[in-house]
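**Student:** Its first residue numbered 111, the sequence shown is counted upward by one per residue in the numbering used here.
Idealized CB from N, CA, C, for every residue including glycine.
Note that the structure is a prediction, hence the values are computed from the model and not measured.
Dropping a structure here in structure tokens format, bear with me for questions.
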Amino acid sequence: MARGERKMKFTREQSGCFHVILTSNYQNLIFTDPLERYKFLELTNKYLIRYSSRIFGFCLMDTHVHMLIKTDQLSVMMGPLLREFSLWYNRKHKQKGNIFRKPFTSYPKYSAQNQLDTLLYILRNPFVDGLCTHPRYYFWSSYPFYFGNPKKLSQYIQVDKSMILNSFHSSNQFYNVAAINPKAQPNHTTKQAGRLITDSTVLAHTKSLVQGKSIYEIPTQELRNLVLELRHQTGASVRQIASALHVNKSFVLNVLSNF
Numbered sequence: 111m112a113r114g115e116r117k118m119k120f121t122r123e124q125s126g127c128f129h130v131i132l133t134s135n136y137q138n139l140i141f142t143d144p145l146e147r148y149k150f151l152e153l154t155n156k157y158l159i160r161y162s163s164r165i166f167g168f169c170l171m172d173t174h175v176h177m178l179i180k181t182d183q184l185s186v187m188m189g190p191l192l193r194e195f196s197l198w199y200n201r202k203h204k205q206k207g208n209i210f211r212k213p214f215t216s217y218p219k220y221s222a223q224n225q226l227d228t229l230l231y232i233l234r235n236p237f238v239d240g241l242c243t244h245p246r247y248y249f250w251s252s253y254p255f256y257f258g259n260p261k262k263l264s265q266y267i268q269v270d271k272s273m274i275l276n277s278f279h280s281s282n283q284f285y286n287v288a289a290i291n292p293k294a295q296p297n298h299t300t301k302q303a304g305r306l307i308t309d310s311t312v313l314a315h316t317k318s319l320v321q322g323k324s325i326y327e328i329p330t331q332e333l334r335n336l337v338l339e340l341r342h343q344t345g346a347s348v349r350q351i352a353s354a355l356h357v358n359k360s361f362v363l364n365v366l367s368n369f
């Protein structure tokens, strides 16, 4: 760095409406069962209330999370939320280390139109990724809160419906707009022999192979065998196999290249 040149320090905005994105470490799966998703929503609601904040929408994907939040204390709210969830998650899996890539990502959304566009983008995520035929059919999002009655999810988190209800006069209008795919997005599926293999499918197949054993207690040679079985039985990608087995992609590539 030249003399007199200074490195600019990133300052995160703390007050306003934010698109918050949480991404898993090394593209591993974050959520391996419904309990983990419910726990994340429960803790999110806890800290939203504690810091007088609101959430307009969310979508929990396998490897990442999207939320649209209005708050005056973004980092103060997100910090303890992520710490408490990570502590609970690591105890459950008998592991250590970071679950999420740090720091979390946040984009301030200033105009009402930009906020609405972002919320629709969040709700469309699983639809764009090919995980459902319409956003309404993806269970782990806030879609059913606006014109429906999500009895299960509403036990864990409360969603501010005003942004959607002020923008759409009926559930049919909302349904039609939500199904619009404005552009192709990078997806989390692998096409193999004409089939779409989702992360959830790969995870389910992995669970059947390990037969109740903890991934973290499986010997290296057995992990190598699992890599080969997942590849040949499901056609999963390197990223999907690494994510399901919680190993580096280089490990998977090494196993496959030596087979």
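Per DSSP, what are the beta-bridge partners of Y217 in this structure?
**Tutor:** Locating residue 217 in the sequence shown gives position 107, where the first residue counts as 1. Partner(s): H129.
**Student:** Out of curiosity, what's the CA-to-CA distance linking T215 and I131?
**Tutor:** Taking the sequence shown and counting its residues from 1, the one referred to as residue 215 is at position 105. Taking the sequence shown and counting its residues from 1, the one referred to as residue 131 is at position 21. Distance between the alpha carbons of T215 and I131: 5 Å.
**Student:** Since R164 sits in a beta bridge, which residues does DSSP pair it with?
**Tutor:** Locating residue 164 in the sequence shown gives position 54, where the first residue counts as 1. Paired residue(s): K180.
**Student:** To the nearest angstrom, how far is the alpha carbon of D309 from that of V348?
**Tutor:** The residue you call residue 309 lines up with position 199 of the sequence shown. The residue you call residue 348 lines up with position 238 of the sequence shown. So the two alpha carbons sit approximately 11 Å from each other.
**Student:** Grab the span of the alpha helix (DSSP H) containing Y285 for me, first residue to last.
**Tutor:** Position 175 of the sequence shown, counted from the start, is the residue given in the question as residue 285. Start and end: 281–288.
**Student:** According to DSSP, is K301 part of a helix, a strand, or is it coil?
**Tutor:** Locating residue 301 in the sequence shown gives position 191, where the first residue counts as 1. At K301, the pLDDT of 47 sits below 50, so the modelled position is not reliable and the matter cannot be decided from this model.
**Student:** Can you tell me the Cα-Cα spacing of M188 and Y157, whole angstroms?
**Tutor:** Within the sequence shown, the letter at position 78 stands for residue 188. Within the sequence shown, the letter at position 47 stands for residue 157. One C-alpha to the other measures close to 8 Å.
**Student:** If you drop the 5 nearest sequence neighbours on each side, which residues of the same chain put their C-beta closer than 6 Å to that of Y266?
**Tutor:** Taking the sequence shown and counting its residues from 1, one reaches residue 266 at position 156. These residues qualify, in order along the chain: Y148, L151, E152.
**Student:** At a cut of 8 Å, does the segment 162–179 reach the segment 221–240 through at least three beta carbon pairs?
**Tutor:** Contact holds: three or more Cβ-Cβ distances are below 8 Å.
**Student:** From V337 to T316, what does the alpha carbon distance come to, in whole angstroms?
**Tutor:** Mapped onto the sequence shown, residue 337 falls at position 227. Mapped onto the sequence shown, residue 316 falls at position 206. Using only the alpha carbons, I get a separation of about 10 Å.
**Student:** Secondary structure at T173, three-state DSSP: helix, strand or coil?
**Tutor:** Start at 1 with the first residue of the sequence shown, and residue 173 comes out as number 63. It is coil, neither helix nor strand.
**Student:** Indicate whether T133 and H176 have their beta-carbon atoms separated by less than 8 Å.
**Tutor:** As a first step, residue 133 must be located in the sequence shown, where it is residue number 23. As a first step, residue 176 must be located in the sequence shown, where it is residue number 66. It is not a contact, given that the beta carbons lie outside the stated cut-off.
**Student:** Terminal residues of the continuous alpha helix (DSSP H) containing Y256?
**Tutor:** For this step, residue 256 is matched to residue 146 along the sequence shown. Segment 253–257, the alpha helix (DSSP H) holding Y256.
**Student:** Strictly by DSSP, which residues pair up with S134?
**Tutor:** Counting from one through the sequence shown, the residue named residue 134 turns up at place 24. According to DSSP, which records beta bridges pairwise, S134 is partnered with F210.
**Student:** Once DSSP output is grouped into helix, strand and coil, what is the label at I106?
**Tutor:** With the chain covering only 111 through 369, there is no way to say anything about residue 106.
**Student:** Am I right that L178 and H129 are in contact with their C-beta atoms under 8 Å? What's the rounded C-beta distance?
**Tutor:** Start at 1 with the first residue of the sequence shown, and residue 178 comes out as number 68. Start at 1 with the first residue of the sequence shown, and residue 129 comes out as number 19. That pair is a contact at about 6 Å.
**Student:** Residues in the same chain with beta-carbon distance under 8 Å from R122, minus the five sequence neighbours each way, listed in chain order, please.
**Tutor:** Along the sequence shown, read from residue 1 onward, the residue named residue 122 stands at position 12. L184, S185, P213, S216.
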